[in-house]
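Protein chains in written order, with UniProt numbering: chain F, 1 to 148; chain G, 1 to 148. Cβ coordinates follow ideal geometry from the N, Cα and C atoms, glycine included. No experiment lies behind these values; they were computed from the predicted model shown. Notes follow once the structure below has been shown.
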């Protein structure tokens, strides 16, 4: 049993690409005897974005709640799927913030020694403009990043 | 023994970052019973670049030979270091071409199922302008890419 990796972090967003990455993360977990941690990041609903939208929510707080609820569903479904893949042990977390920075900070704060993520998530249109989340994570992370 | 990876490709350029990636590639090779292939890519010396240089080589062919010789030295030294890390089996190759595309094509042509490379190689200044080789490889590759 190699101790190359002890805690693998796998960000999930409900996309097929993230699920493929999670399956590989589970394979690595088994081979290296590591913990698997899943994290789902949702963005804070900004008032700036709301002000540019034609349809404005009456209460921005409710939007945040909806986003958090959706992220929790993605997180729960991901954990269930990871267990189906044979993940053990596995923990799932939900965090709010800008995706790449939040993922990298979470990995650092919790001593994760590998991040495994899909090359493209759901934010495809945004990624054409701003670079993909996987690219940003790869650029910012202090630990190795496996892009699946 | 997991069959998650069977042939790991590790591009090396003589940088410390590439050596760190190679050490991790050797660890993965051991854990997964994979082959390790090293590849050193050197650029074709273009006449366009020569024409913009204040000092022109009399014979561009000689420049190509020098670059190939240097790449061969990097390749040999890398293979020796990989064996010191415990790599077995390991093969080393030298290729000419644009780095990212050449690495990705080599991986595809030879059925490599994982590329392990450093986040930054020697071409740091260029990477600020054009994006790093690791980013391009991650974007272009059809197989998973581990950025160390």
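Below-8 Å beta-carbon distance, residue i vs any chain F residue
i                     : result
residue 27 of chain G : yes
residue 22 of chain G : no
residue 9 of chain G  : no
Interface flag, residue i vs chain A, CB-CB below 8 Å
i                    : result
residue 6 of chain G : The structure shown contains no chain A; the protein chains it does contain are F and G.
Short CB-CB distance (under 8 Å) between residue i and chain G
i                      : result
residue 146 of chain F : yes
residue 44 of chain F  : no
Sequence-distant residues of the same chain with beta carbon closer than 6 Å to residue i, five excluded per side
i                      : result
residue 147 of chain G : 119, 134
residue 1 of chain G   : Because the pLDDT at residue 1 of chain G is just 45, under 50, the model does not fix this residue reliably, and the value given afterwards should be weighed accordingly. Taken in chain order, the residues that qualify are 33.
residue 4 of chain F   : 32
residue 17 of chain F  : 118, 120
residue 44 of chain G  : 96
residue 98 of chain G  : none
Same chain only: Cβ atoms within 8 Å of residue i, ignoring 5 sequence neighbours per side
i                      : result
residue 140 of chain G : 100, 101, 104
residue 77 of chain G  : 14
residue 70 of chain F  : 42
residue 68 of chain G  : 42, 94, 96
residue 59 of chain F  : none
residue 28 of chain F  : 5, 8, 34, 114, 116, 146
residue 72 of chain F  : 40, 94
Amino acids of chain G, ordered along the chain, whose beta-carbon sits closer than 8 Å to that of residue i
i                      : result
residue 134 of chain F : 138
Other residues of its chain near residue i: CB distance less than 7 Å, five sequence neighbours each side excluded
i                      : result
residue 23 of chain F  : 85
residue 95 of chain F  : 39, 41, 102, 106
residue 137 of chain G : 100, 103, 104, 115, 117, 145
residue 26 of chain G  : 36, 82, 85, 86, 87
residue 30 of chain F  : 86
residue 143 of chain F : 107, 112, 113, 114, 115
Cβ-heavy atom distance, residue i to the ligand SAM, below 7 Å
i                    : result
residue 9 of chain G : You won't find the ligand SAM in this model; it holds no ligand whatsoever.
Beta-carbon separation (whole angstroms), residue i vs residue j, contact threshold 8 Å
i                     : j                      : result
residue 75 of chain G : residue 92 of chain G  : 5 Å
residue 90 of chain F : residue 79 of chain F  : 6 Å
residue 7 of chain G  : residue 111 of chain G : 6 Å
residue 10 of chain F : residue 21 of chain F  : 6 Å
Against chain F, which members of the region 111-122 of chain G pass a CB distance test of less than 8 Å?
Of all residues in the region 111-122 of chain G, only 119 come within less than 8 Å of chain F when Cβ atoms are compared, listed by chain position.
Positions along the region 31-42 of chain F whose CB lies within less than 9 Å of some CB in chain G:
Listed in sequence order: 31, 32.
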